[in-house]
Structures are given as C-alpha cells and as structure tokens.
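Q: The structure that follows is given in the form of structure tokens.
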Amino acid sequence: MQIGEFGRAHGLRGEVRLKSFTEDPLAVARYEPLFDDYGRRLRITALRPAPGSAADMLIASIEGIADRDLAEALNRRGVFTTRAAIAATGAGEDEFLLADLIGMSVERPDGAVIGRVVAVPDYGAGDLLEITPLAGGASALVPFLKSFVPTVDLAGRRVVVEAPDDLFAPAGPEPKPGEE
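The sequence shown runs 1 to 180 under the numbering used here.
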C-alpha cells in the first residue's frame, strides 16, 4: 500500500522531501517495513515538517542516503508498506483504506443499486469515488464527502451515495457554435 511519495532533495546532506498520504503525516515513519516502488527497503531515520503550510509535506532522512545526488535519485518514487503493517497500527472501527472501497456496490439511500466503485482518485481537491453504472456506459465521479457518501458499510461491501437522479443520464448533444 502506498503511504507516501518522495519529492526533490532538500539541502546537501541527503535529506529529501516526502509527501505523506497518512492521516497523521508524521505517522509515515512508524510503519515497518517500508520500501520504495523498486522493492528496496527503506528506513526513515529522521522526519520533520517541511517549511510552508502543507501539513503533509515533510523533510526526511533515509538510512544510506547521505548526499544530494542520492536524495535526488529518490524523486517521484513511492513509499510503500504492507497491509499487515497498516493493520498493526490498530485502526479504529470507522477507519479503512481507500483501496478497500474499490469493488464495492453503490446504492442510493432507498437501496437501489446503481453501480460499483472502480477507483478512488484524488486530483488535488480531495478524494473522489469513480462509479461505473450497472447499466453500462461512462463512469461518474462523486466527491468522497459525508454529504455525498453518508454510509460506508465495509462488512456489506457497499456505499450509499446521495447522488442526483441524472448522475448516469446520457450527455446531451454538443451545443453548436453560438448556442452556448
């Protein structure tokens, strides 16, 4: 499971920027084992918030990375851990991995099944549920907010979505120039 991503080098002594995907950004260092997207084991030896206002951006020292060139080689590499390591942190009853949502049935509040979750992208403004309709056709994106997704039933493998009735309505014809 990906829990972070390295960015550019920070300074000359091998420190590197690290964007944390964990709820508590500093918790990224507590997971064991850690490895990069090439399968190389990682050990974070020091971690602190990066300057600026982004709480999820950190400065990390990685065992064996002692100069700027080695730190630059980590740029854009993912930081991963195992599902077992995440479970060992003692997740609460209402906590789950976004990856666990993929494949869940999507229902309206009245119980009507309308589709299935196929992805949970985040394009920078927050998590979204990508839902493919049961009837086929193009998928739709719904913000993963309590106001749109009031229920996540992990045991029942379903989410309830407060979606407009026309969520999967076919798109109308493209407007002709001058008709906008």
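Glycine included, every Cβ here is placed at the ideal spot set by N, Cα and C. Predicted model only: the values in this text are computed from it and were never measured.
1. Using the DSSP secondary-structure output, state which residues sit across from Thr132 in a beta bridge.
2. With burial defined as no fewer than 16 other Cβ atoms inside 10 Å of the residue's Cβ, what is the status of Thr81: buried or exposed?
3. Compare the beta carbon distance of Ala60 and Arg13 with 9 Å and say whether it is the shorter of the two.
4. Which residue marks the beginning of the alpha helix (DSSP H) containing Ile86, and which one marks its end?
5. Does the distance from the C-beta atom of Val142 to that of Leu128 stay below 9 Å?
6. How would you call Leu47, buried or exposed, if buried means at least 16 neighbouring beta carbons within 10 angstroms?
7. Is Leu70 closer than 9 Å to Ile44 when the C-beta atoms are compared?
8. Helix, strand or coil: how does DSSP classify Ala29 here?
9. So, helix, strand or coil for Leu98, using DSSP?
A: Per the coordinate set shown:
1. Beta-bridge partners assigned by DSSP to Thr132: Arg116.
2. Buried, because 16 or more other Cβ atoms sit within 10 Å of the Cβ of Thr81.
3. Cβ atoms of Ala60 and Arg13: not closer than 9 Å.
4. For Ile86, the enclosing alpha helix (DSSP H) starts and ends at Arg83 to Ala87.
5. Taking the C-beta atoms as reference points, Leu128 is found nearer than 9 Å to Val142.
6. The residue is buried, with at least 16 neighbouring Cβ atoms inside 10 Å.
7. Not in contact: Ile44 and Leu70 (Cβ atoms no closer than 9 Å).
8. Note: Ala29 maps to helix in three-state DSSP.
9. DSSP places Leu98 in helix when its eight states are reduced to three.
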